[in-house]
Each structure stands twice: as C-alpha cells, then as structure tokens.
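Below: the structure, in structure tokens.
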Amino acid sequence: MAWADVNGARLYYERRGSGPAVLFISGASGDAGHWTGIADAFADEYTVITYDRRGNSRSPRPADWTTTTMLEQADDAAELLAVLELTPAVAFGTSAAAGILAALCLRHPDVLRGAIFHEPPFPSGVSTIDQVRAGRRKLVDEGLAQGGPRLATELFLRSVMGDEAYASLDRELRDRLLGNADVLLGIEIDHYLTYDPSPAELRSIRIPRVVTAGATNRDPEAAGHWRYEAAEWLAHHLDTPLVELPGGHMAYLADPQPFAKALRPHVCELT
Numbered sequence: 000m001a002w003a004d005v006n007g008a009r010l011y012y013e014r015r016g017s018g019p020a021v022l023f024i025s026g027a028s029g030d031a032g033h034w035t036g037i038a039d040a041f042a043d044e045y046t047v048i049t050y051d052r053r054g055n056s057r058s059p060r061p062a063d064w065t066t067t068t069m070l071e072q073a074d075d076a077a078e079l080l081a082v083l084e085l086t087p088a089v090a091f092g093t094s095a096a097a098g099i100l101a102a103l104c105l106r107h108p109d110v111l112r113g114a115i116f117h118e119p120p121f122p123s124g125v126s127t128i129d130q131v132r133a134g135r136r137k138l139v140d141e142g143l144a145q146g147g148p149r150l151a152t153e154l155f156l157r158s159v160m161g162d163e164a165y166a167s168l169d170r171e172l173r174d175r176l177l178g179n180a181d182v183l184l185g186i187e188i189d190h191y192l193t194y195d196p197s198p199a200e201l202r203s204i205r206i207p208r209v210v211t212a213g214a215t216n217r218d219p220e221a222a223g224h225w226r227y228e229a230a231e232w233l234a235h236h237l238d239t240p241l242v243e244l245p246g247g248h249m250a251y252l253a254d255p256q257p258f259a260k261a262l263r264p265h266v267c268e269l270t
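Heads up, the sequence shown is in numbering that gives the first Met the number 0, so the first residue is 0 and it goes up one at a time.
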C-alpha cells in the first residue's frame with residue numbers, strides 16, 4: 000500500500016507479487032478494492048498493480064479538479080506504470096475503464112504489452128443506447144430524490160454489479176464506494192457514458208488485445224445483454240474473438256476464483 004504522485008494527482012496503489020506486470024483499472028467508483036480477490040489470485044505469477052483512480056477513495060481529490068476525460072485517466076495510468084518502472088504491462092479495464100484502456104492504447108501504446116477490455120459501454124456498440132441512458136438517468140434521479148448522492152450511488156452500483164456482488168462487498172469497501180458519490184455523479188459519469196472511440200481509432204490499435212464479456216450476459220433477456228453486445232462490437236473492430244468469462248458484469252467481485260481461473264490463460268498469452 001503506497002501513494003504515487005502522477006500527472007498532477009496523488010494515487011493510492013497496491014502492489015502484489017512478482018513477475019510480469021498486470022494493471023487492473025476500475026470503472027465506476029474507481030477503487031482498488033474491486034480487485035482484491037483477483038489480485039491475490041494472480042500474485043503467484045505476476046506483479047499486480049491496483050489503484051484508486053484520482054479523486055476516488057484513498058486517492059485525494061486534486062485541488063480545483065471539477066471535470067475529467069478518458070485522456071486524463073489514461074495519462075494517470077500510463078504515468079503510474081512509468082513511475083513504478085513496470086512498463087510494458089498488461090492492462091485489464093472493465094466497464095468504463097475499458098474506455099480508459101482504449102485511450103491508453105491510443106495515447107500511450109509504449110507502456111503496454113497487452114490489453115484486455117471487459118464489457119465496454121461504448122455507445123456505438125449498443126443498439127438500445129437511448130434506453131440504457133434513460134434508465135440510468137431515471138435510477139440516479141430517483142436515488143437523489145429519495146436519499147441524496149449516497150443512495151443514488153448505491154442504486155447505480157447495484158444496477159451495475161447486481162445485488163449479489165453488491166452484498167458481497169465488505170463494509171469498509173462499500174463505505175469507500177458510497178463516499179465516492181460526488182466524484183462519480185458530479186465529475187465522472189457523463190464522460191464514461193459518452194466516450195466512443197471510432198472504428199478507425201480502434202482499428203489503429205496494434206497492441207495484442209483480448210475482448211471479454213460475462214457469459215451470463217449472452218442471453219438476450221439478461222439485464223446486462225447490452226454490455227455483451229458492446230463487447231461483440233468492440234471485438235469486431237479490434238479484429239479479435241470475443242472471450243466469455245464466468246458470471247455477469249462484475250463476477251470478479253462476487254466470485255473471483257472462477258473468474259481469475261478463466262482469465263489467467265489470456266493474461267499468460269499476452270505476457
């Protein structure tokens with residue numbers, strides 16, 4: 000557990016194990032604790048880095064920081080790897096962090112030896128994007144009206160994680176995530192739902208890559224099917240097969256061991 004000064008921000012990070020470097024990037028709520036089970040599983044073969052993204056949890060909010068972009072988030076990740084002297088690394092980005100990873104591939108390809116994108120929310124890949132956005136806005140607005148930012152964030156996280164994964168969070172992690180409400184709702188969320196790299200940009204990525212999706216979301220009736228659809232779209236434009244991992248969108252929280260076992264050969268292939 001340590002902090003690194005990068006790109007005008009102070010980032011909390013955790014380092015485990017030894018071997019080739021693997022960076023896990025969190026999406027909404029931005030906490031390294033999303034990855035504890037996965038990081039522990041991979042530390043037997045790899046140097047695993049997890050971190051709280053800027054302004055989230057144990058990474059203090061920079062002075063006068065009121066907005067962000069995927070480029071800024073990508074710069075943070077690149078500089079963190081450089082400061083820790085762990086380039087090139089394999090990076091895994093999930094959900095909104097798949098956008099951060101795309102920006103990282105486009106902006107700082109030299110820091111990566113491989114990229115794994117898990118269920119990106121890129122609008123061009125979602126046939127029901129207007130419905131998804133409307134549902135997300137309705138959920139957040141109801142939470143704000145009924146209980147303020149913390150309840151809105153809880154409802155948002157439950158919708159993304161699923162109730163089982165949310166219930167699996169230990170109290171300390173849950174409190175940190177809910178404490179990130181102002182950053183999530185006031186600074187980050189709009190950027191994460193609108194970042195949309197073009198097919199031409201995606202085709203320009205030459206870093207070895209993998210696109211993954213939760214097997215549960217393959218079902219067209221699943222609430223998270225739109226995420227699977229977006230992953231299929233991304234895999235097409237990156238010219239790579241879509242790989243299914245066990246469970247739903249954030250199965251690495253509720254049941255990390257099967258997720259880690261299924262993910263390991265793909266990390267191994269990229270390292």
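Backbone N, C-alpha and C fix where the C-beta goes; we use that ideal spot for every residue, glycine too.
Quick caveat: nothing in here was measured; it's all calculated off a predicted structure.
*Length at least 3, wholly inside the region 94 to 156: the beta strand (DSSP E) runs in chain order*: 111 to 117
_Within a Cβ cutoff of 8 Å, which residues of the same chain sit near G246, ignoring the five residues on either side of it in sequence?_
G213, A214, T215, A253, D254, P257, F258
*Can you name, in chain order, every residue of its own chain whose Cβ lies under 8 Å from the Cβ of A234, other than the five neighbours on each side?*
V210, P240, L241
*Taking C-alpha atoms, which residue in A114, A95, A96 lies nearest to C104?*
A114
_Pull the bridge partners of F23 from the DSSP assignment, please._
T49, F91
*Out of L156, R226, A88, A40, state which residue places its alpha-carbon closest to the alpha-carbon of F121.*
R226
_Coil, strand or helix - T211 by DSSP_ = strand
*asked:* By alpha-carbon positions, which one of I188, E84, E118 ends up nearest to E228?
replied: E118
*Residue from S197, W232, H248, D238 with nearest C-alpha to A222*: H248
*Mapping DSSP to helix, strand and coil, what is R14?*
strand
*Could you tell me whether the Cβ atoms of Y11 and Y45 are closer together than 8 Å?*
no
_Classification of M69 by the beta-carbon crowding that lies within 10 angstroms, buried from 16 upward_ = buried
*Report all residues from its chain with a CB closer than 8 Å to the CB of L150; omit the five preceding and five following residues, and keep chain order.*
G142, L143
*Looking at C-alpha atoms only, which residue of V21, G16, R57, M0 is the closest neighbour of E268?*
V21
*Under a Cβ-count criterion, where at least 16 other Cβ atoms within 10 Å of its own Cβ denotes burial, should M0 be classed as buried or exposed?*
exposed
*asked:* So, does the region 196 to 208 touch the region 170 to 181, judging by three or more C-beta pairs under 8 Å?
replied: no
*asked:* Using the three-state DSSP reduction, which class does E243 fall into: helix, strand or coil?
replied: strand
*Can the beta-carbon of R112 be found closer than 8 Å to that of D75?*
no
*Would you check if the distance between the CB atom of F116 and the CB atom of F23 is smaller than 8 Å?*
no
*Length of the line joining the Cα atoms of D109 and A88*: 9 Å
*List the whole-angstrom C-beta distance separating N6 from D30, where the pair is believed to meet the contact cut-off of C-beta under 8 Å.*
Not really, about 19 Å apart at Cβ, beyond 8 Å.
*Less than 8 Å between the CB atoms is what I'm expecting for S58 and A8, so what's the real figure, rounded?*
7 Å
*Cβ-based neighbour list, T86, same chain, cut-off 6 Å, excluding 5 preceding and 5 following*: L80, V110
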